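Asker:
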Amino acid sequence: MSANPTSRLVVAAFGMGVLGLSLLTGCSDDSDSGSPVAQSTTTEESSTTGETSSGGSDCGEEPSTGQLALPTSSVDYTTGTAAYSVTLSDGTTQCVTVEEDSSAGEFSSTDKGIEIRFGDVSAGILITIDGETEGNLPSEVPHQVEDAFMGLQVDGGYFADSMHTGCDVTLTSFDEETITGTFTCTDVALFEDGPFSLDTSTTVTPQPLDTSIEKAEGWFSVRA
53 MSANPTSRLV VAAFGMGVLG LSLLTGCSDD SDSGSPVAQS TTTEESSTTG
103 ETSSGGSDCG EEPSTGQLAL PTSSVDYTTG TAAYSVTLSD GTTQCVTVEE
153 DSSAGEFSST DKGIEIRFGD VSAGILITID GETEGNLPSE VPHQVEDAFM
203 GLQVDGGYFA DSMHTGCDVT LTSFDEETIT GTFTCTDVAL FEDGPFSLDT
253 STTVTPQPLD TSIEKAEGWF SVRA
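Printed below as a string of structure tokens:
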């Protein structure tokens, strides 16, 4: 007795469905011939031996080169951001970030001098550039300053380039709205006290006096 036509159609349809499913499964297993599958990855940022922060800036960032238009009158720059990686002579390495929103620096139209200073006893940056020294003020940017003084506050200690030989400063923009730049320092000695320790009630554990900055590298930005 022959099978019912309707039953034959059901069996055929079922077999075609199984075949189609197996073909689809085979394609999904072939990574070369199939479409790439989007993957979500999370990179965990590891820190070094420590981090001092008065803000949220990144030591890996750099200010982009901006415009140059020397101010014709004195300017007070009220906000500032800086970040620098530091390696101390005791082997510790850290990223220091500093921010200021009231007083960050100034340009004097009288002697063409630049002073950038902001931070506190835990973290700070100080740069002074004598505008009357040849090679200090830029005619274009970026411009490596011929002679600049730098001081860095790290972990409550003030490290100063007193002889102007340990740090190089490069200006990447300078006008009446903004001053930005980068710097590198090597072999900068610790001073017993400094400007960021004045007029503060914050106490910190002093570092050994033979501590020094072996290497520092960072950037700064101030705005009027």
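Per this note's numbering, the sequence shown starts with residue 53, numbered consecutively.
C-beta atoms are modelled at their ideal positions from N, C-alpha and C, and glycine is treated no differently.
Since the structure is predicted, the reported quantities are computational estimates derived from the model, not experimental observations.
Since T224 and T232 are thought to touch, with beta carbons under 8 Å apart, how far apart are those beta carbons, to the nearest angstrom?
Answerer: Confirmed, Cβ separation roughly 5 Å.
Asker: Roughly how many angstroms lie between the CA atoms of G246 and V193, to the nearest whole one?
Answerer: Cα to Cα, the separation comes out at about 31 Å.
Asker: By the 10 Å Cβ neighbour count, where 16 or more other Cβ atoms means buried, how is D207 classified, buried or exposed?
Answerer: By the neighbour-count rule (16 or more Cβ atoms within 10 Å), D207 is buried.
Asker: Whose C-beta lies closer than 6 Å to the C-beta of A276 among residues of the same chain, with five residues either side of it excluded?
Answerer: V127, Y129, E229.
Asker: Alpha carbon to alpha carbon, how far is Y136 from A200? Give it in angstroms, no decimals.
Answerer: C-alpha separation (whole angstroms): 17 Å.
Asker: Out of L261, H195, T263, P260, state which residue places its alpha-carbon closest to the alpha-carbon of L120.
Answerer: Of the candidates L261, H195, T263, P260, the one whose C-alpha sits nearest the C-alpha of L120 is H195.
Asker: Our contact map puts V148 next to V256 with C-beta atoms below 8 Å; I'd like the distance itself, whole angstroms only.
Answerer: Actually they do not touch by this definition, with Cβ atoms about 14 Å apart.
Asker: Report the three-state DSSP secondary structure of S264 (helix, strand or coil).
Answerer: S264: strand per DSSP, three-state reduction.
Asker: Quick one: what's got a C-beta closer than 7 Å to T101's C-beta in the same chain, skipping five residues either side?
Answerer: In this predicted model, T101 has a pLDDT of only 32, less than 50, meaning its place in the structure is not dependable; the value taken from the coordinates is given anyway. The answer, listed in chain order, is T144, T145, Q146.
Asker: According to DSSP, is S249 part of a helix, a strand, or is it coil?
Answerer: Of the three classes helix, strand and coil, the one that applies to S249 here is helix, per DSSP.
Asker: If you measure between the beta carbons of E279 and D227, is that distance less than 8 Å?
Answerer: Lying outside 53 to 276, the shown extent of the chain, residue 279 is not represented and no answer is given.
Asker: Rounded to whole angstroms, what's the CA-CA distance from G118 to S154? Just pull it up for me.
Answerer: Answer to the nearest angstrom: the Cα atoms are 23 Å apart.
Asker: Let me know if E152 comes out buried or exposed under the rule of 16 or more other beta-carbons within 10 Å of its beta-carbon.
Answerer: With 16 or more other Cβ atoms within 10 Å, it is buried.
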